[in-house]
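Before any comments, here is the structure.
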Ligand SMILES: *Cc1c(COP(=O)(O)O)cnc(C)c1O
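Numbering (the numbering used here), first residue to last: 113 to 505.
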């Protein structure tokens, strides 16, 4: 299946580039839920669309190839992919999980898996000694997000995977922020890569989808059985939208990432901003590690106001980014982790993890960077003068 093309070319030229039935240069959307069988003892490849559907299968093969895996699986959301992968665990198992994990994954682990007798320990995965110390005899899984959400902390995927192997545990990596264009965790030793394809892969804020890719055949068979049992499969229209988005992944990522670099540079010099978290900044404590395992810093950054009371004024005055949950789209998206992605986390837990009330996350889109920077400039200037005039009173 894999050929010697570079990644950008593989986004467009794969075995699905031409529909063999018609020559159509787009994967046909097969709506059928069921498939006619030619005789009582001869069943075809497809029988029922929860189990296998040709349109979904195309997306599953495409993502498997891009991630360097054996098999891909498409789900109705990123959380469906993540939750189904967690179902590989059994009662009595223990999970070591990164402490600033996506809010929905936090909820799954702390409010659902715990009821099924699956225990967890949160650790700061930048600290591999802490990971080792958290491992128990029943640890079956190390779960990482790198860069993490929303503080863009970096976990050494290769080192984490080898710790997992030493203890007979799996490594799952949520690769939503990077996509396989920038980072391929399976090649670094991970067992399963997970995606919210809602984000960069589909890329246009118009689809909710999840993907998982596995490189080991036995594990792939087990995940397939769970996908079919749980049934949270991706619909065919949405599978098509994700495939459409994937075709432009590299150009979108390049533009968004260039913009993000410029905005991070701009923000780090602003007196009202205390911290900028972005692995593309030299000041990021793990920029070197990130550059070793990924081809670029990506397009998501977060920044913290020195005075959190100024944050609402900034959000009110900024005009270009949409203020919304989500990331990884053609338009820039500004979000407030404390009340959005991390609302499922109790405030004490959130603050312990450094996700304070003065933190904003920005997913940089394809706008002209000068326009974005001027917009930020006017919003910062506005709140600064408003604060100065209040102090003057
Ligand atoms: C959005 C997101 C998820 C959840 O995906 P959905 O498609 O919203 O279910 C998981 N992980 C990360 C890092 C995300 O950004």
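Every residue gets a Cβ at the ideal spot worked out from N, C-alpha and C, and that includes glycine.
For ligand 1, a non-hydrogen atom lies closer than 6 angstroms to the CB of residue 261. Taking the Cα of residue 299 as reference, the smallest distance to any Cα among 135, 145, 182, 152 is reached at 182.
Taking a cut-off of 8 angstroms on C-beta distances, the segment 345–359 does not touch the segment 464–472, as fewer than three cross pairs fall below it. The DSSP-derived three-state label of residue 473 is strand. Counted as a single uninterrupted DSSP element, the alpha helix (DSSP H) harbouring residue 291 occupies residues 291–294.
For the set 317, 287, 219, 321, the Cα lying nearest the Cα of residue 306 is the one of 287. For residue 219, the enclosing alpha helix (DSSP H) covers residues 215–219. Annotation for residue 320 indicates a beta carbon within 6 angstroms of some heavy atom of ligand 1. Here residue 493 carries a helix assignment [DSSP, helix/strand/coil]. Remark: the C-beta of residue 414 is outside contact range of ligand 1, defined as less than 6 angstroms to any heavy atom. Taken through DSSP and simplified to helix, strand or coil, residue 357 comes out as helix. Here residue 378 carries a helix assignment [DSSP, helix/strand/coil]. Among the bridge pairs identified by DSSP, residue 288 is matched with none. By the neighbour-count definition (other C-beta atoms within 10 Å, threshold 16), residue 408 is a buried residue.
No heavy atom of ligand 1 is found nearer than 6 angstroms to the CB of residue 212. Assigned with DSSP and collapsed to three states, residue 325 falls in strand. In this structure, the CA atom of residue 470 is about 11 angstroms from the CA atom of residue 427. Within the same chain, 217, 306 come within 6 angstroms of residue 194 by CB-CB distance, once the 5 residues on both sides are set aside. Nearest to residue 187 by C-alpha distance, out of 349, 205, 131, is 349. The continuous stretches of alpha helix (DSSP H) do not include residue 414, which lies in the beta strand (DSSP E) extending over residues 412–417. In this structure, residue 388 lies away from residue 401, with their beta-carbon atoms at least 7 angstroms apart. Under DSSP, residue 231 takes part in a beta bridge, and its partners are 206. Here the alpha carbons of residue 460 and residue 173 stand approximately 42 angstroms from one another. Its Cα nearest to that of residue 502, the residue 421 stands out among 421, 215, 292.
Taking 3 residues as the shortest admissible run, the segment 435–474 contains the following complete beta strand (DSSP E) segments, listed from N- to C-terminal end: 445–447. Between residue 208 and residue 251, the CB-CB gap stays under 7 angstroms.
For residue 308, there is no enclosing alpha helix (DSSP H); the enclosing beta strand (DSSP E) covers residues 304–308. At least one heavy atom of ligand 1 sits closer than 6 angstroms to the Cβ of residue 191. Under the criterion of beta carbons closer than 8 angstroms, residue 311 and residue 150 do not qualify as touching, at roughly 41 angstroms. In this structure the segment 273–293 lies against the segment 245–262, because at least three pairs of beta carbons, one per stretch, are closer than 8 angstroms. Rounded to the nearest whole angstrom, the C-alpha separation of residue 398 and residue 136 is 46 angstroms. Shortest gap from the CB of residue 477 to any heavy atom of ligand 1: 6 angstroms or more.
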